[in-house]
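**Q** Numbering-wise, this note's numbering puts 352 at position 340 of the sequence shown, and it's gapless, one number per residue.
C-beta atoms are modelled at their ideal positions from N, C-alpha and C, and glycine is treated no differently.
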Amino acid sequence: MKASLRELRDRFGGTVIGDPGVSIKGCASLETAGTGDIAFAEAARYRPQVETGGASAYLVTEDFPDIPGKTMWAIARPRETFIRLLTYFHPDQQYAPGVHASAAIAASAQLDHTVSICEYVVIGEDVRIGRGTSIESGVHVGRGVTIGEDCRIGPNVSLMGGVRLANRVTVHAGAVIGGDGFGYLWMDNRHTKVPSLASVQIDDDVEIGCNVCIDRATFGMTRIRRGARIDNLVQIGHNNDIGEDAIIVSQVGLSGTVKVGKRAVLAGQVGVADHIEIGEGATVAATSGVTKDVPPGDTVWGYPARSIRKAWKELAHLARLPQLLRQIKVLETRVKTLEEQTNKPDSS
């Protein structure tokens with residue numbers, strides 16, 4: 013796909029400084045951009061890279077300094093525009109409707125005529141798949157699963173029995189949704205499994221990364237609400253409720269019955285104990301261990317997780333510990349000397 017800079021300006025807005033007729037075929041970084049590419053310079057500090065760069069045009073802020081000989085496209089929100097350009101020039105792969113001959117489809121499954129089913133997909137009894145959904149190779153879709161419209165299911169995903177996906181859900185390669193929850197009770201001198209009788213509900217516009225595991229509920233449901241984003245290698249425990257537009261970053265582990273509020277952010281490698289509630293808009297910094305509820309809007313860090321300001325203060329005090337120990341030793345020596353002088357017999 014190609015477009016002139018003039019066409020892009022007419023589509024997205026802004027002002028062109030330089031040649032509006034230059035042809036653009038894709039997006040690239042400042043370091044790698046060449047002829048036909050447009051690159052993004054977010055601030056004036058990137059001027060040296062623009063001066064020496066090889067891109068055909070540069071997307072810049074409205075206050076970016078003019079550079080002779082360089083074609084620039086100034087716009088109010090260049091970062092947002094660049095994301096739109098990425099989608100424009102590099103759209104998601106589209107699959108033609110149809111079912112590959114190697115796929116195994118149960119007789120009772122109901123598939124819209126526009127769906128795309130790739131190689132070696134297995135679709136169980138009573139499955140329903142909506143318009144425009146594509147399912148890539150090696151996917152397992154269990155009995156009674158419902159998949160809505162315009163979903164994208166990546167290679168080797170497992171959707172276990174009864175799982176429900178709404179519309180425009182993206183599940184990347186290797187994810188397992190609806191596996192048994194990790195629940196055991198010590199009975200009769202052994203670990204006895206607690207049955208996972210319910211399932212998982214994924215709402216509209218959710219994106220789930222590679223190798224994510226989302227466990228089915230014991231009762232009720234495990235739910236991922238609209239617009240949530242889950243990074244690779246995340247474990248979502250049984251009966252969790254993940255709020256709208258929440259962000260959960262790689263290697264987070266959530267125990268059972270955790271509730272995460274709207275727009276909350278859990279950074280990488282956070283661990284959350286069972287029956288914890290993380291409030292709306294809260295942030296849990298990377299590697300934290302959450303053992304009690306986090307109020308809405310708070311930012312916490314550490315193990316156990318506490319207010320990040322308190323944690324930083326404690327860390328600053330710890331950094332002074334060697335100095336404090338030296339001071340204590342000096343004081344101990346002085347006290348000992350004073351005690352010896354006090355206890356020394358009076359020679360008079």
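Pick out whichever of Q247, C163, E352 and L327 has its Cα sitting closest to the Cα of Q106.
**A** For the purposes of this step, residue 106 is taken as the residue at position 94 of the sequence shown. That would be C163, whose Cα lies nearest to the Cα of Q106.
**Q** What residues are listed by DSSP as bridge partners for C225?
**A** Counted from its first residue, the sequence shown places residue 225 at position 213. Paired residue(s): V188 and Q247.
**Q** Please name the residue or residues paired with E326 in a DSSP beta bridge.
**A** Counted from its first residue, the sequence shown places residue 326 at position 314. Beta-bridge pairing links E326 to no other residue.
**Q** Compare the beta carbon distance of M233 and S267 with 9 Å and say whether it is the shorter of the two.
**A** Here residue 233 is taken as the residue at index 221 of the sequence shown, counted from 1. Here residue 267 is taken as the residue at index 255 of the sequence shown, counted from 1. Not closer than 9 Å, so no.
**Q** With DSSP as the reference, label V261 as helix, strand or coil.
**A** Position 249 of the sequence shown, counted from the start, is the residue given in the question as residue 261. If DSSP states are grouped into helix, strand and coil, V261 belongs with coil.
**Q** Give me the DSSP bridge partner(s) of L197.
**A** The residue you call residue 197 lines up with position 185 of the sequence shown. Per DSSP, T204.
**Q** So, are the CB atoms of V139 and G156 less than 9 Å apart?
**A** Position 127 of the sequence shown, counted from the start, is the residue given in the question as residue 139. Position 144 of the sequence shown, counted from the start, is the residue given in the question as residue 156. Closer than 9 Å, so yes.
**Q** By the three-class DSSP mapping on this structure, what secondary structure does K348 have?
**A** Here residue 348 refers to the residue found at position 336 of the sequence shown. Helix at K348.
**Q** Are the CB atoms of C130 and A116 nearer to each other than 9 Å?
**A** For the purposes of this step, residue 130 is taken as residue 118 along the sequence shown, with counting starting at 1. For the purposes of this step, residue 116 is taken as residue 104 along the sequence shown, with counting starting at 1. Not a contact, by the Cβ cut-off of 9 Å.
**Q** Do you know how far the Cα of R59 is from the Cα of L365?
**A** Residue 365 is absent from the structure shown; the chain starts at 13 and stops at 360.
**Q** Measuring CB to CB, does P307 end up less than 9 Å from G291?
**A** Mapped onto the sequence shown, residue 307 falls at position 295. Mapped onto the sequence shown, residue 291 falls at position 279. Against a cut-off of 9 Å, the Cβ pair of G291 and P307 comes out as a contact.
**Q** Could you say which of E148, R202 and A178 lies nearest to A187 if we only look at CA atoms?
**A** Position 175 of the sequence shown holds residue 187. Measuring from the Cα of A187, the nearest candidate turns out to be E148.
**Q** Looking at C-alpha atoms only, which residue of K14, V151 and R21 is the closest neighbour of T83?
**A** As a first step, residue 83 must be located in the sequence shown, where it is residue number 71. Out of K14, V151 and R21, R21 has the C-alpha closest to the C-alpha of T83.
**Q** Using the three-state DSSP reduction, which class does H59 fall into: helix, strand or coil?
**A** Locating residue 59 in the sequence shown gives position 47, where the first residue counts as 1. Note on residue identity: the sequence assigns Arg, not His, to residue 59. In this structure, R59 counts as helix in the three-state DSSP scheme.
**Q** Distance check for G30 and F24, CA to CA, integer angstroms please.
**A** Counted from its first residue, the sequence shown places residue 24 at position 12. Counted from its first residue, the sequence shown places residue 30 at position 18. Those two C-alpha atoms are separated by around 17 Å.
**Q** Just verifying my parser: in three-state terms, what is the DSSP assignment at K5?
**A** The shown model of the chain, from 13 to 360, leaves out residue 5, and the question about it has no answer.
**Q** Can you check whether the CB of R176 is closer than 9 Å to the CB of I135?
**A** Mapped onto the sequence shown, residue 135 falls at position 123. Mapped onto the sequence shown, residue 176 falls at position 164. No; because the gap between Cβ atoms is not below 9 Å, this pair is not in contact.
**Q** Give me the residue from H250, G239 and C225 with the minimum Cα distance to V410.
**A** The shown model of the chain, from 13 to 360, leaves out residue 410, and the question about it has no answer.
**Q** Per DSSP, S16 is paired with what?
**A** Position 4 of the sequence shown holds residue 16. Looking at the DSSP assignment, S16 forms a beta bridge with S35.
**Q** Quick check: D253 and R237, are their CB atoms within less than 9 Å of each other?
**A** Along the sequence shown, one-based indexing puts residue 253 at 241. Along the sequence shown, one-based indexing puts residue 237 at 225. Yes. Within cutoff.
**Q** Between V312, R332 and L333, which has its C-alpha nearest A323's C-alpha?
**A** Counted from its first residue, the sequence shown places residue 323 at position 311. Looking at the Cα atoms, V312 is the closest of the given residues.
**Q** Apply the 10 Å Cβ neighbour rule to L171 and answer buried if 16 or more other Cβ atoms are within range, or exposed otherwise.
**A** Looking up residue 171 in the sequence shown gives position 159. The residue in question, L171, is buried, as its Cβ has 16 or more Cβ neighbours within 10 Å.
**Q** Residues in its own chain within less than 8 Å of G33 by CB, not counting five upstream and five downstream?
**A** In the sequence shown, residue 33 corresponds to position 21, counting from 1. Contacts found: S16, L17 and R18.
**Q** Which residue comes first and which comes last in the alpha helix (DSSP H) that contains F94?
**A** Position 82 of the sequence shown, counted from the first residue, corresponds to residue 94. Residues P90 to F101.
**Q** Restricting to Cα atoms, I'd like to know which of F94, P357, R89 and D75 is closest to A69.
**A** The residue labelled residue 69 in the question sits at position 57 within the sequence shown. When each option's Cα is compared against that of A69, the closest is F94.
**Q** Taking the beta strand (DSSP E) that Q213 belongs to, which residues open and close that run?
**A** Walking along the sequence shown from the start, residue 213 turns up at place 201. That run of the beta strand (DSSP E) goes S211 to I214.
**Q** Let's test the definition: count the other Cβ atoms within 10 Å of the Cβ of L123 and tell me whether it reaches 16, buried, or not, exposed.
**A** Residue 123 sits at position 111 when you count from the first residue of the sequence shown. It is buried - the Cβ of L123 has at least 16 other Cβ atoms within 10 Å.
**Q** State buried or exposed for F231, treating a residue as buried only when at least 16 other CB atoms are found within 10 Å of its CB.
**A** Residue mapping note: residue 231 aligns to position 219 of the sequence shown, counting from 1. Counting Cβ neighbours within 10 Å, F231 comes out exposed, since fewer than 16 surround it.
**Q** Within a Cβ cutoff of 7 Å, which residues of the same chain sit near G191, ignoring the five residues on either side of it in sequence?
**A** Taking the first residue of the sequence shown as 1, we reach residue 191 at position 179. Answer for G191: M172, C225, D227 and R228, listed in chain order.
**Q** Please check the pair I260 and V246, which I expect to be a contact at CB under 8 Å, by giving their CB distance rounded to whole angstroms.
**A** As a first step, residue 260 must be located in the sequence shown, where it is residue number 248. As a first step, residue 246 must be located in the sequence shown, where it is residue number 234. With a Cβ gap of about 5 Å, I260 and V246 count as contacting.
**Q** How many Å lie between G66 and A45 at the Cα?
**A** Within the sequence shown, residue 66 is the residue found at index 54, counting from 1. Within the sequence shown, residue 45 is the residue found at index 33, counting from 1. Near 6 Å, if we compare the C-alpha coordinates of A45 and G66.
**Q** In whole angstroms, what is the alpha-carbon distance linking E326 and G283?
**A** Taking the first residue of the sequence shown as position 1, residue 326 is located at position 314. Taking the first residue of the sequence shown as position 1, residue 283 is located at position 271. The straight-line gap from Cα to Cα measures roughly 21 Å.
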